[in-house]
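Structure, as structure tokens:
Numbering (the numbering used here), first residue to last: 15 to 165.
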């Protein structure tokens with residue numbers, strides 16, 4: 015299994031830690047989108063980054079820490095063709111210690127309770143990122159990916 019890049023050993027453009035709860039996530043997203051490295055992306059790539067990061071961070075708040083807001087950190091590093099991201103939390107592991115497939119249901123007219131776990135959100139994340147890797151190690155979840163930039 016491929017290992018995620020270790021962004022901690024390299025110069026990062028942004029490293030931020032905060033509690034994973036919806037209000038803090040919204041405020042944090044607004045702040046990090048306004049500064050490098052995300053502010054240096056094209057408008058379309060910045061919009062995609064906002065969608066991906068909002069989905070990932072809200073998943074952490076909802077699933078990794080279902081009982082309370084726990085710590086999460088984001089490391090972002092600008093690379094030639096986008097921004098490498100690593101999100102780390104100490105919450106519950108992904109089911110089966112692996113990423114959801116993120117396949118869309120065959121029928122889109124399903125009731126909300128009948129939608130597959132990891133459906134639309136993980137489909138979106140997989141569609142808008144590159145090099146997506148999840149590792150559970152030393153009681154931490156580490157999700158890394160690259161947000162491509164077309165500009």
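Ideal Cβ positions, reconstructed from N, Cα and C, are used throughout, including at glycine. Predicted model only: the values in this text are computed from it and were never measured.
For residue 29, the secondary structure class from DSSP, reduced to helix, strand or coil, is strand. Under a 10 Å Cβ-count criterion, residue 30 is classified as exposed, with fewer than 16 other Cβ atoms of the shown protein chains found around its own Cβ.
In terms of Cβ geometry, residue 96 and residue 28 do not form a close pair [threshold 9 Å].
In this structure, DSSP gives residue 70 a helical state, which the three-state scheme calls helix.
Per DSSP, the unbroken alpha helix (DSSP H) holding residue 41 starts and ends at 36 to 47. For the set 59, 54, 64 and 50, the Cα lying nearest the Cα of residue 40 is the one of 64.
Relative to the Cα of residue 72, the nearest Cα in the group 141, 58, 164 and 105 belongs to 105. For residue 135, the uninterrupted alpha helix (DSSP H) segment begins and ends at 134 to 142. Beta bridge pairing from DSSP links residue 161 with 97.
Going by beta carbons, residue 147 and residue 138 fall outside the 9 Å limit. Judged by their CB atoms, residue 32 and residue 87 are nearer to each other than the 9 Å cut-off. Taking the Cα positions, residue 42 is about 15 Å away from residue 99. If you draw a straight line from the Cα of residue 153 to the Cα of residue 61, it comes to about 32 Å.
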